[in-house]
Every structure is written in structure tokens, then in C-alpha cells.
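Take a look at the structure:
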């Protein structure tokens, strides 16, 4: 509920007894029902991050199985049917259940803290989005464990995934997983955009937004523009399979390539949903460990935005081997080359930052340095793939497998690990172990390169993708074995990370509020933050609030006057972050969880019968209505807070 | 590693053009990579050390930082020039690939099936059209236009020694132009995931001198040899009165189905099951008995024949050169 | 119960699913060989023989591999219906020279063993005998598919629409007919 009124923006800090009252107002309710009703962005963020990490480990185990099967030629560890399900689930898990959600999870946790807010804009919607994501992920793994996992690849090309060549319900589970993750992704993006545009601390103009927040804002906009394409495609696929539509049936006027266009129009931007937040982590960590703000803030922001726009013009480079017109393909080559320019700009700005700063070599920075080596190689092989003639040779070979892992792991996973080491003290209140961290980094770096570099050679030597085994006389055995050794090394390094995280949570050194000496607002909150984040929401006067005094002479430093017994916040204007109105957040509620359960039942049942949409909608309408039903006592409390002009 | 399915061992102009572009691009990328990483390592080595307590330098952003800016801008501009160069090289190669002279081209139609290749040699004279499977023969030095069709799902024809790949998309027709300038046998493999046996859907392209190619073609046009000894006769009887003729064709017998590879000259092929096993009598017997043991998921069923019958069938098929 | 406890229960339940593999979705690629005698069916073909008469392929007994609720088997049956040109007489189920297969009337019985007998030995008035032409395991796949044409297979297992011209609804969306035998009592009863 909103109130248009004067917010009083005073200069003095609030009274100390306020802390206990605020904690009571903003904390999660107790007990199991309370845990399921939680909507605090940090609670949702934490469980979201942990779930995404769980899927990362599951996807990694699938990859380990694949590498064990491919270690030797003519191997019989895993047969073709199981192998096809495994590689499909590996790709699906990593892309839809780990890489994109973990970035959104980090944003849900960090963005309100970084902009000086107490919550995201729509906490119940984000809770619902988290449950939908989790239930979708559990569904697809349950299907796999029951022997009906999808087996047409994570990209699910028709006609292989269609009703004639994909019998049973396997690929319907895949298509419905897309529905789950798209619903989740879209809702969280809406939340992040609204949070960043309306809940920033007063004084945090657009020119003062931290680079990580810029990255998440841009990513959220990209998600909203791109995800509908795959949602449309997956719905068409389910309809073809379930109710005999002919979207992809060329004999009845449909088109096989329609799927590829719809999927890749989403699919290419998707890798940027994963990469751009990684760029945000890079900026945050480099600034702190070079002891200076990142060089070229306007160029950095323009680069992120340029990348996001250009990302929508690349998708046909996944289709260079099809018979789309040649001149059209050349256009996409040009765009694919062009997108290297903003990324190169960012890389040069970061190197400039490190060159003109003073460097603190801690684990987060090590992972960031890993990015430079790995992502740059991946980006350069990307330029090779962007050229049509070269792509025609290496498309759908292990060269592409090498490229995609270099860009995704180098560009997103390494910064993500750095981010975990960096923000672990803030989230848990303890420092992670530095020695284990360095071992983690070096094993991961070495293992990664040993696992994936040989694949460049394998691709050029003729080894296609998605093969469950290969003949001995092709000579691919030795490099495959080497790659498997690298994969095992990666697994050991991830295990080290888990050990580090679990041990540090219990026995790590207690962290201060700002153990790294960083500059952004989240480091002004406690470690871990109180339920209400900031005792008095800050007013921002510069780009590096914790490093420099306010540039707005005579401006206040805190927001006061907000209620302590009601979840109230100050909403500000989008561009200049001037105070606009007071906004009251909803209370914790079990209805997002129950709605997610009802929606899950509807989605899973609709795999088997179209009538589930009708009856399921009624089932979903009940908890959603309860969700929005206003409570008289709450409304009265809010009315009492109104101030007449 | 092998040279017969290798993109960097080109045997024809298409693959050679691409290989040339590859080396050029690799060189340009190396020229970009080394200084960038060098700059990073140099910066890290030279920059003074700090700890968390070291005060941050915020004053630096209020200065113009001119030198840093010009270095960064130059680096971006040089990168842009490099990218433009690569784009130009790529488009020129595209153009060159489309310029293969096609006079006196041989026309072949390849239809992809799960999990084998149906190859039909076209000819203006319909009586000179014939089909074979999994092995393409072409004359050295003569252009070949391959029409690509698919019977079921998307496949991709890729013979790296000769050209990049092209997808076979059901409901659409694509074409590919190649030329082999060196005699030899080149291996190719399906490069678009097509189901259970995508891993074993290989084929070969053999480039022969013109005279040898004409001889091969003439032999392919001949119907199957009539069996002379008793065992082979019994084998032919089994083939045409049993289940084999329901899917396979042997020109010159009553077997004329098109659902499975054409076996008219199967004995002259190097491999069975689209490159999966060598074409020997033992492998052929094992394949007929239970194809699922060699290529699980393939559409050919098991045939547990009495010993004498199996022997006769294998003998007959061995006469089909 | 805490959040941690709840997570452990969910993880354990997921792993418990492993042994309960869904039979409908299994791909049984390698068929078992002798698993018992083939049901007692007349030795002599009754219907006309396709192609030249001859000794045919004398196969040793193979197991009864019928599974009318397995998605992969039904899909293979659909492919074989197309490959062996059953549609030449039966169209896409509506019939023509041969009787319709998607309705409730079965001249010679609707049970799997009766349909197997029909395909193997043929029937009077034009159904050829495919004994020795189509291997037994493939005939069982055709039996399953033919039954699905009148909706006898579960919608989750029956084939969806084909990638071709659509003459009739997908087998998964056909109403389940109540099959009845309209001809004389067929010789094979269900065991």
C-alpha cells in the first residue's frame, strides 16, 4: 500500500531501542510454517543460492558421468539412451537451474543492500518465484530418476523432440521445466527492475548506481524481452505433442526451423543473462582489491548496455549450418564480431584499474584473474565461431563445447566463486579460509584448462558433439582421457569449496561489517545484516559511499520517520532518487508457497492432459486469492500511519 | 590423431579456403591475446601491494586520468580494427566458397535417415540413376553438387577434409558444393544430434581418378550378380522370401524396398551399419543375428536363424560386389 | 521439523524413486530370446502370402515381447505400420480395401494374441500372412500399435500426431472404443 506524504528526512540517527523493534517487524516468523512463509529477501536469497548450488553439483555429477564414459573409446559404462538423457539433463540443469537462477539469487540478496533498501519491491512474488524454480527443478530430476528424463538435448530441436520421434512424456517434462523456470525468471526480473528503479536510497542517482546493480538491472530487462520467445516455443512444443497442433509439422504448414529461431532468439541472450552479472561481480571485486573505483564508469555502463542490445542480434549464429540465406548469415557474423567491442572495453578498463591501483591478492581477486585468462580465450574462439566458414567446420563439434565452457565458466562461474568468497562474510558473518580458497582456485583453474583445452583440438580433428562413444581408430582417445582427468580435478576443487564453506560457517573467523574495506552500501550493514538491513536507511552522496564523504553539501545522511512496527520504506524517483512516497511492504505469508504448490500441480498435470489447465486454474485461483485478500487489522494500521498534508 | 576426418587436412578448395581463414583468425586472436594478458600480468607485477586496511584512492577519479584513458581508447580502437579485419576476411571467404565453378558438376542426392545415408546418383537419363548407401564416390577434380534431404529428423552432412557441414532438414532442401582435388578416402559423420545412434552415423567420401570413377559407376549400375553355387542360391532365396526384402532392395531381384540401405553391391563396401564395423563375414553374421548388440536402438530387428541359413545368407551377400 | 530436516526428507525421497523406474518410458532395445513358448497358434497360414511363395525365414522361437503400454514400442509399431504399407489397405485406420482398425468392430478378435495371429497367419478375404516376413518382435510392436488405433493404449504411452499429413487424430487423443468381435469365434483365445 502506498502513501503520498512528506517523508521526513532528518539528519540525526534514530534511537537505539529502535533496533529491537525493527528486528521484530522485519524478521521471518518462527517454526516450519514460518520458514515456508518467509519473504525477507535475504532468506529467499540464501535458500535460492543454496538450491542453485545444489543443482550445480548435480549437473556436475552428470558431467562427471559423461566424462567417465568418454574417457576411453568404445566404452560401455553408459548406453546410448542413458547417455542422451544425461547430457540433456546436464545442459538443462546448468543453463536453466543453475547459471541464470544463481545470478538472480545473488541479485535478490545483494541488490537491496547495495541500494540502501530494506527489501525488494515484491517480496511475496519473489518467494513464489523461488518455490516455482525449486519445484520445477525437482520435477525434472524426479523424471530423470524414474527413467523418463528428456533425451533430445537441452535445446530440444524438433522433429527429434516432437511427437513422432520423441515418444512418451520425456520431452514434455523438459518443455514444462521451461515453463517453470521462465515464470520464475520473469517474476524475479520484474522485482529487480522495480526495486532498482524505485527503492534506491535518496541521493543514489543513476550516475551513482554500483556497477553490479547496473548489471542486474540490464540483465533483468534482457530477461523480460528474451524469455517470452522460449516460453512461446516450449508451449508450441507441448501443444504439438499433447493436442496435435502442427507448429513444427512441415507437412501441414508448420516449419522445423521455427523452433530454432524461437529457441535461439532466447538462447543467445540467455548466455548474456549469465555473463553480464559475472561482469558485475568483476567490477565490484576489482574495485575493492585494487583499492580504487573502477576506471571509466560511464564507459563501463555504456558497455553493459551495448552488450545487452547487441546480444539480441546474434541468434542466427547458432544456425549457420542450416539453409537460411547466406547474406543474412553475414549480418550475424558482423553483429557477433561487434559484440566483442563493449566486452573488450570493459576488460581494458579493468586492467587499467589494476594497473593504477594498489593490489590486495585475496581469493576473490584470484578468481577474477582467472576470468581474464579463461574468458578472453573463450571470447576469441567465439570470434572464430562467429565467422560462417569457420563455424561450418567446427559447429556441433567439441570445439564448441570448449568455447562454451570457456566463456560460461571463465565469464560467469569464476567470478561467481570469487563473489561467494567476497560476500560470504556479509551473508554468514564469518570469513572463508584463505588457504583452502587458494587451493580451490588453483585446482579449479588447472582442472578446467586440462579438461577443456584439449576439446579445441578434438573438434578440429573431427569429433562431433553428443556422441555417447567413439571408435578407437579415430585417435581421439588420449585427449579424451586427459579431459576426464581435468574433470575429476574440477570435482575435487568444488569439493574443497564445499568443505571450506561448511567449515567456515561454523569455525571461520568472525567478520566485521566491512572486512575487505569495500565501498558499496551493503558493507555498511552488519555481517550478517539484521533482518531490517540498515537501522536508519542511508542517504547517498557519491558513487563510493563508504570511501568518500557526501558530495551533496548540506544534505542529510539518514532517513528517519519511517515506522518501526510496520514494514515501511521510502520510495524514490527513478532517475534522481528524490524521496517520493512511503511504501508499506506485505507481511510474511504462506500463500506464495501454497500457490506455487498449486501451480506445480497444474503444470505437471497438464503434461498428461489439457484439461489440467482448466481445473488447475481453479486450483491456483484459490491460494492466489487468499494471497491478495486484504486483512482488516493491517489496513487499519496502515490508515493510522497516514499523515494529512 | 587421424587425418581422414580432420578440418586442418584439406583435400579440396572449400576446406582449403576455410583452413586458410582459420589460421589467419588464429593469428589475429593470438596477437590480441598475448598483449592483453601481458598487460594484465605486467600490471599485477608492477602495482604496489595493499591490504584491506589500505585507504582507497577516490581522488584518482576526480582527476582526468588522461594517459590511462588514451591507452584504453587505443586498445579499443585497435581491437575494433582487428575485428573489422576478421569480418572482412570472413565475408571474403564466404564469397569464395560460393564461387566454386560448377561446370560439368556431378549431381548427388543425399537423404539422411536414422542412422544411415541414402545416396542417389542423378543423371539426365533416368535409367542411369542408381542408389547406394553410406559411401559416396566422386571423381577427383570435378565439382559435385549435393542435394540434401531428410526423411525423419535433422541430420548434418560433414566431411571436414572437403567442406564445412550443412544440415539436412526435413521438409526443406539444401545444397552443398564440393570438389576433391586429391584422391583418397575421407571420413565424415553426422553432426546434428539425431537420436540413439547419432554417434554411429558415419560415411565416407572416396575421390577417384576419372577413369576409376567411371568404372565404379558402371559397376554400380549393374544389377546384382546371380548366385551360382547352392549356398548362395539358398541365401538369395532366404533374402527374397524372408523379412530382408521388407526393407532392403537388391537390384535384379524382387527385393525393392527403400526403407533401409540398398544392398545391391554391399560386398564392395568397407564397412557395415554406416561405418560402425568393418565389412567382414563374421561381422555381417553378427549384425544380421542381433543388430542391437552392435548398434542398440537401430531400426533393424534381430534374426535368430538356424546356423546353415545364416551361413547361406552371409555367403550370398558376400557375392554382391 | 526444521528446514534442514525437510531438505533431507526431500533428497531421500528423490533417491528412493530410482528403483521405481517408469515402465511406460523404458526403451527396451534388446529383446530377450527364448522366454517360453509362443502361444499356440495355427501353424498353417490361412491368408494369402505376400510376394513369392517360398520357405521363408524359419526363426527359432522368440519370447512374447508384447507391451501395449510402452511408449517406445508403440512408436516403433507406428513406424512399421508405415514402412510395411499396412496403410495400403487399412489407410490411417479408417480402412479401404481392408477393414477399419480404429473402430470397435473386430472381425477376428481384438486381444493381442488374436491380432498377432491375424498378422502372422493372415485371414480370409485378403489379409496376407506375414509369418517369415516380419520378425516376431516387430509383429508384437504392430499389435500394440493397432490396438492403440482404437484408443486401447493409455494416452501417456500412445503416439502423438505424426510428422506428416494428418488424416486422423493422434492415437493418444482417440476415444477408447469398446472392442467387440463381429466375425465367427476366432480360433485363438487369450491364455
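Residue numbers (this note's numbering), protein chains in the order written: chain A, 1 to 645; chain B, 1001 to 1321; chain C, 2001 to 2191. For each residue, glycine too, the CB sits at the ideal point set by N, CA and C.
Alpha carbon of residue i to alpha carbon of residue j, nearest angstrom
| i | j | result |
| --- | --- | --- |
| residue 38 of chain A | residue 304 of chain A | 33 Å |
| residue 2112 of chain C | residue 2144 of chain C | 7 Å |
| residue 353 of chain A | residue 372 of chain A | 14 Å |
| residue 438 of chain A | residue 358 of chain A | 20 Å |
| residue 1256 of chain B | residue 1116 of chain B | 18 Å |
| residue 319 of chain A | residue 260 of chain A | 8 Å |
| residue 104 of chain A | residue 381 of chain A | 27 Å |
| residue 1280 of chain B | residue 76 of chain A | 23 Å |
| residue 2041 of chain C | residue 2104 of chain C | Note on residue 2041 of chain C: pLDDT 44, under 50, position unreliable in the model; the coordinate value appears next. For residue 2041 of chain C and residue 2104 of chain C, the distance between alpha carbons rounds to 24 Å. |
| residue 324 of chain A | residue 331 of chain A | 12 Å |
| residue 1317 of chain B | residue 1008 of chain B | 38 Å |
| residue 361 of chain A | residue 288 of chain A | 11 Å |
| residue 2152 of chain C | residue 2074 of chain C | 11 Å |
| residue 1193 of chain B | residue 308 of chain A | 30 Å |
| residue 534 of chain A | residue 640 of chain A | 24 Å |
| residue 2160 of chain C | residue 2167 of chain C | 13 Å |
| residue 34 of chain A | residue 591 of chain A | 12 Å |
| residue 273 of chain A | residue 2177 of chain C | 50 Å |
| residue 486 of chain A | residue 447 of chain A | 4 Å |
| residue 624 of chain A | residue 28 of chain A | 21 Å |
| residue 2012 of chain C | residue 134 of chain A | 16 Å |
| residue 517 of chain A | residue 466 of chain A | 47 Å |
| residue 413 of chain A | residue 123 of chain A | 27 Å |
| residue 1199 of chain B | residue 1190 of chain B | 8 Å |
| residue 2019 of chain C | residue 146 of chain A | 8 Å |
| residue 1105 of chain B | residue 1219 of chain B | 20 Å |
Presumed contact (8 Å Cβ cut-off) between residue i and residue j, rounded CB distance
| i | j | result |
| --- | --- | --- |
| residue 191 of chain A | residue 290 of chain A | Not a contact, Cβ separation roughly 32 Å. |
| residue 1319 of chain B | residue 1260 of chain B | No, residue 1319 of chain B and residue 1260 of chain B are not in contact; Cβ-Cβ is about 19 Å, not under 8 Å. |
| residue 1329 of chain B | residue 1120 of chain B | A question about residue 1329 of chain B goes unanswered here, because the residues of chain B that appear run from 1001 up to 1321. |
| residue 1162 of chain B | residue 1205 of chain B | 6 Å |
| residue 2101 of chain C | residue 2138 of chain C | The pair is not a contact, with the Cβ atoms about 17 Å apart (cut-off 8 Å). |
| residue 710 of chain A | residue 524 of chain A | The first residue shown for chain A is 1 and the last is 645, placing residue 710 of chain A beyond what the model contains. |
| residue 2093 of chain C | residue 2127 of chain C | Actually they are not in contact, since the Cβ atoms of residue 2093 of chain C and residue 2127 of chain C sit about 15 Å apart, beyond 8 Å. |
Does the region 1147 to 1159 of chain B come within contact of the region 422 to 439 of chain A, defined as at least 3 CB pairs closer than 8 Å? no
How about the region 204 to 214 of chain A and the region 275 to 289 of chain A: do they share at least three Cβ pairs that are nearer than 8 Å? yes
Under 7 Å (Cβ pairs) to chain B, residues found in the region 2125 to 2159 of chain C: 2132, 2133, 2134, 2135, 2137 and 2138
Are the region 1207 to 1219 of chain B and the region 1231 to 1246 of chain B touching by the rule of at least three beta carbon pairs closer than 8 Å? no
If the cut-off is 9 Å on Cβ atoms, which residues from the region 1278 to 1312 of chain B count as contacting chain C, listed in chain order? 1290, 1292, 1293, 1296, 1297, 1298, 1299, 1301, 1302, 1303, 1304, 1305, 1306 and 1309
Of all the residues that make up the region 80 to 108 of chain A, which are near chain B by a beta-carbon distance shorter than 8 Å? Under the 8 Å Cβ criterion, the region 80 to 108 of chain A contributes 80, 81 and 84.
Within 8 Å of chain B by C-beta, residues of the region 255 to 278 of chain A in sequence order: 255, 256 and 257
Is the number of C-beta pairs between the region 58 to 74 of chain A and the region 570 to 581 of chain A that are closer than 8 Å three or more? no
Cβ contact (3+ pairs, closer than 8 Å) linking the region 1055 to 1062 of chain B and the region 1009 to 1019 of chain B: no
Taking any Cβ of chain C, which residues in the region 159 to 173 of chain A have a Cβ under 7 Å from it, in chain order? 159, 162, 163, 164, 167, 168, 169 and 170
What residues in the region 535 to 558 of chain A have a beta carbon less than 9 Å from any beta carbon of chain B? Listed in sequence order: 542, 543, 544, 546, 547 and 548.
Quick check: the region 466 to 485 of chain A against the region 374 to 393 of chain A, are at least 3 beta-carbon pairs closer than 8 Å? When Cβ pairs closer than 8 Å are counted between the two stretches, the region 374 to 393 of chain A is seen not to touch the region 466 to 485 of chain A, the count staying below three.
Compile a chain-ordered list of the residues in the region 2060 to 2077 of chain C whose CB is closer than 8 Å to at least one CB of chain A. 2071, 2072, 2074 and 2075
Should the region 96 to 113 of chain A be regarded as contacting the region 180 to 196 of chain A, the criterion being three or more beta carbon pairs within less than 8 Å? The region 96 to 113 of chain A is in contact with the region 180 to 196 of chain A.
Selection of the region 311 to 341 of chain A by Cβ proximity to chain B, strictly under 8 Å: 321, 322, 323, 326, 329, 330, 333, 334, 337, 338, 340 and 341
Is it a yes or a no for the region 218 to 230 of chain A touching the region 154 to 165 of chain A, going by three-plus beta-carbon pairs under 8 Å? no
When you compare the region 174 to 192 of chain A with the region 1165 to 1181 of chain B, are there three or more beta-carbon pairs, one atom per stretch, that lie closer than 8 Å? Segments in contact, no.
Given a limit of 7 Å on CB to CB distance, which residues of the region 1250 to 1276 of chain B reach chain C? 1254 and 1259
Is the region 82 to 102 of chain A touching the region 541 to 558 of chain A in the sense that three or more CB pairs, one from each, lie closer than 8 Å? no
Return the chain-ordered ranges of every alpha helix (DSSP H) run that is complete within the region 257 to 296 of chain A and spans a minimum of 4 residues. none
Compile a chain-ordered list of the residues in the region 454 to 486 of chain A whose CB is closer than 9 Å to at least one CB of chain B. Answer set for the region 454 to 486 of chain A: 457, 458, 459, 460, 461, 462, 463, 464, 465, 466, 467, 468, 469, 470, 471, 473, 474, 475, 476, 478 and 479.
Contact list for the region 1037 to 1050 of chain B against chain A, Cβ threshold 7 Å: 1037, 1039, 1040, 1043, 1044, 1047, 1048, 1049 and 1050
Where in the region 2120 to 2181 of chain C do unbroken runs of the alpha helix (DSSP H), each at least 4 residues long, occur, reported from the N-terminal end onward? 2136 to 2148
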